[in-house]
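Each remark here refers to the structure printed beneath this line.
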DNA sequence: ACCTGAACACCGTTCAAGT
DNA sequence: ACCTGAACACCGTTCAAGT
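Chains as they are written, first to last, in my numbering: chain A, 3 to 199; chain B, 3 to 199.
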């Protein structure tokens, strides 16, 4: 239980959870510490005990988002099947997360972060790229992907998938279902990565 | 001249210009109507004469950004050279704008817009995609690009370039110069778009 | 037309004080 | 440890009033 140990019990986790919901519903402009405190029934100063300021809460949310994101990417990369199938699964895992939790993904990739936690965020971002990089290196030895620095190829692969997610969330895809757009994007990407004949 | 006709002369344009600068320097959180008014030496209520509210100013900025963006894309698409060279130029024009004016591009593709102007923004966004679509259709008849709905292929092409720009601005590219990352991304993309052998 | 100045309800942040 | 309540300096928005 541990509910209501003092006034709330687990204010930190509750703040993060509520913050993502508000971010998803109303965007960054609609998120205020005072509003969160109201929603959770604590005084407006209570969040300060857990997050030094508004940005610290956003950073913590980005960190927890990246952790979950990387967990999902790793799962796809280590899944069943040959390397090409796992590359595809990786792309789909990315797109799935991006659409499901687009507010969070946006926060994760936003440029502005507090000095003190940006290092952790950068490392988490690198880990995402490393997962793709590792899989691409495996695909290279299998002869399914062109030679070249796999880290750079991972940047290209991420670009395609990330850009598609942004277009989808921004409404630029119109009536095209994301699944179909994702299919085509992954097909074009994998064809482009294949070794030149 | 027309400077200082009443108090400022061209407050609307001055607000937009200053707003983009603030957005670039300090991000959306650092942008306030009151701050802009202070910077320009007018009362805090003066901006309301030109923009009903904060969002209206952001929308107007996004519209002007898209107009310039589309102008540049159109220039690249109608430039000299064969269709493949112009496709490359289109990609470079996109990346150039994205990095030069990343705060503006971000605003342009942000999902949240006022009801009354989102239609105009959507149309401008479509026009960007149409430029790519038109060029891809031309490349298809020249046999340089695989068959299929050029509008969908344009979505894929935009995804790659847009995603790369986001990664660059977000600091995920590390020491990789954007030019090099852009080269590789465009090469992979164009290879992926080529008709299957 | 265009801008001012006061007003209102919000916000982030700080800090002494309570339990 | 964790939270409260008051305080301060900000903010967006509105509106009567000035020129």
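Each residue gets a CB set at the ideal place from its N, CA and C atoms; glycine is no exception.
Predicted model only: the values in this text are computed from it and were never measured.
Using three-state DSSP, classify residue 162 (chain A) as helix, strand or coil. helix
Taking 9 angstroms as the threshold (C-beta atoms), are residue 182 (chain A) and residue 154 (chain B) in contact? yes
Spell out whether any CB of chain B is found under 9 angstroms from the CB atom of residue 7 (chain A). Only weak support is given to the placement of residue 7 (chain A): the predicted model assigns it a pLDDT of 41, under 50, and the value that follows is read from those uncertain coordinates. With 9 angstroms as the cut-off, residue 7 (chain A) does not count as an interface residue toward chain B.
Give me the chain A residues within the contact set of residue 111 (chain B), using Cβ-Cβ distance strictly less than 7 angstroms, ordered along the chain. 168 and 172
Contained alpha helix (DSSP H) runs [length at least 4] in the stretch 123-198 of chain B, N- to C-terminal order: 152-171 and 180-195
Should residue 161 (chain A) go down as buried or exposed, given a rule of 16 or more other Cβ atoms within 10 Å for buried? buried
Look at the Cβ atom of residue 163 (chain B), then the Cβ atom of residue 165 (chain A), and state whether they are nearer than 9 angstroms. yes
Leaving out the 5 sequence neighbours to the left and right, which residues in its chain are closer than 6 angstroms to residue 107 (chain B) when beta-carbon positions are compared? 100
Looking at residue 89 (chain A) and residue 131 (chain A), is the spacing between their C-beta atoms short of 9 angstroms? no
Beta-carbon proximity check, residue 97 (chain B) vs residue 23 (chain B), cutoff 9 angstroms: no
Sub-9 angstroms separation of residue 184 (chain A) and residue 93 (chain A) beta-carbons: yes
Can you find a CB in chain B that lies within less than 9 angstroms of the CB of residue 124 (chain A)? yes
Please decide whether residue 84 (chain B) counts as near chain A, where near means a Cβ-Cβ distance under 9 angstroms. no
Look at the alpha carbon of residue 60 (chain A) and the alpha carbon of residue 188 (chain B), and state the distance between them as a whole number of angstroms. 34 angstroms
Residue 12 (chain A) (DSSP reduced to helix, strand or coil): coil
The ligand MN and residue 191 (chain B): does any heavy atom of the ligand fall closer than 8 angstroms to the residue's C-beta? The ligand MN is not among the ligands present in this structure, which contains no ligands whatsoever.
If I measure Cβ to Cβ from residue 25 (chain A) and keep anything under 6 angstroms in the same chain, skipping five residues before and after, which residues do I get? 33 and 105
Roughly how far, in whole angstroms, is the beta-carbon of residue 134 (chain A) from the beta-carbon of residue 159 (chain A), given that I think they are within contact range, below 8 angstroms? 6 angstroms
To the nearest angstrom, report how far apart residue 50 (chain B) and residue 122 (chain B) are at their CA atoms. 21 angstroms
Closest by C-alpha distance to residue 124 (chain A), when choosing among B:142, B:173, B:64 and B:157: B:173
Identify whether residue 6 (chain B) lies in helix, strand or coil by the three-state DSSP scheme. Residue confidence for residue 6 (chain B) is low, a pLDDT of 40 falling below 50, so the modelled location carries little weight and cannot support an answer.
Closest to residue 119 (chain A) by C-alpha separation, out of A:177, A:53, A:85 and A:139, would be which residue? A:53
Output the distance between the C-alpha atoms of residue 157 (chain B) and residue 149 (chain A), rounded to the nearest integer angstrom. 27 angstroms
Residues of its chain near residue 5 (chain B), where Cβ-Cβ distance is below 6 angstroms and the 5 sequence neighbours each way are ignored: Low per-residue confidence applies at residue 5 (chain B): pLDDT is 38, beneath 50, and the placement is therefore not dependable, though the value from the model is reported in the following sentence. Here the set comprises 11.
Simplified DSSP state of residue 103 (chain A), which is helix, strand or coil: coil
Tell me, to the nearest whole angstrom, how far the beta carbon of residue 35 (chain B) is from that of residue 16 (chain B); I am working on the premise that it is less than 8 angstroms. About 13 angstroms separates the two Cβ atoms, so there is no contact after all.
Using beta carbons (cut-off 9 angstroms, strictly below), is residue 71 (chain B) in contact with chain A? no
For residue 127 (chain B), return the contacting residues in chain A, with the cut-off set at a CB-CB distance below 7 angstroms. 174
Start and end residues, alpha helix (DSSP H) containing residue 69 (chain B): 56-79
Using the rule of at least 16 other Cβ atoms within 10 Å of the residue's Cβ for burial, across every protein chain shown, is residue 67 (chain B) buried or exposed? buried
Is there a Cβ from chain A that is less than 9 angstroms from the Cβ of residue 102 (chain B)? no
Given a threshold of 16 other Cβ atoms within 10 Å of its Cβ, counted over all protein chains shown, does residue 79 (chain B) qualify as buried or as exposed? buried
Closest by C-alpha distance to residue 112 (chain A), when choosing among B:30, B:14 and B:198: B:30
Chain-ordered chain A contacts of residue 26 (chain B) [CB-CB under 7 angstroms]: Ordered by position in chain A, no residue passes the 7 angstroms Cβ test against residue 26 (chain B), which lies about 11 angstroms from the chain.
Show which residues of chain B have a CB atom less than 9 angstroms away from the CB atom of residue 138 (chain A). Result: empty, since nearest Cβ-Cβ is about 11 angstroms, beyond 9 angstroms.
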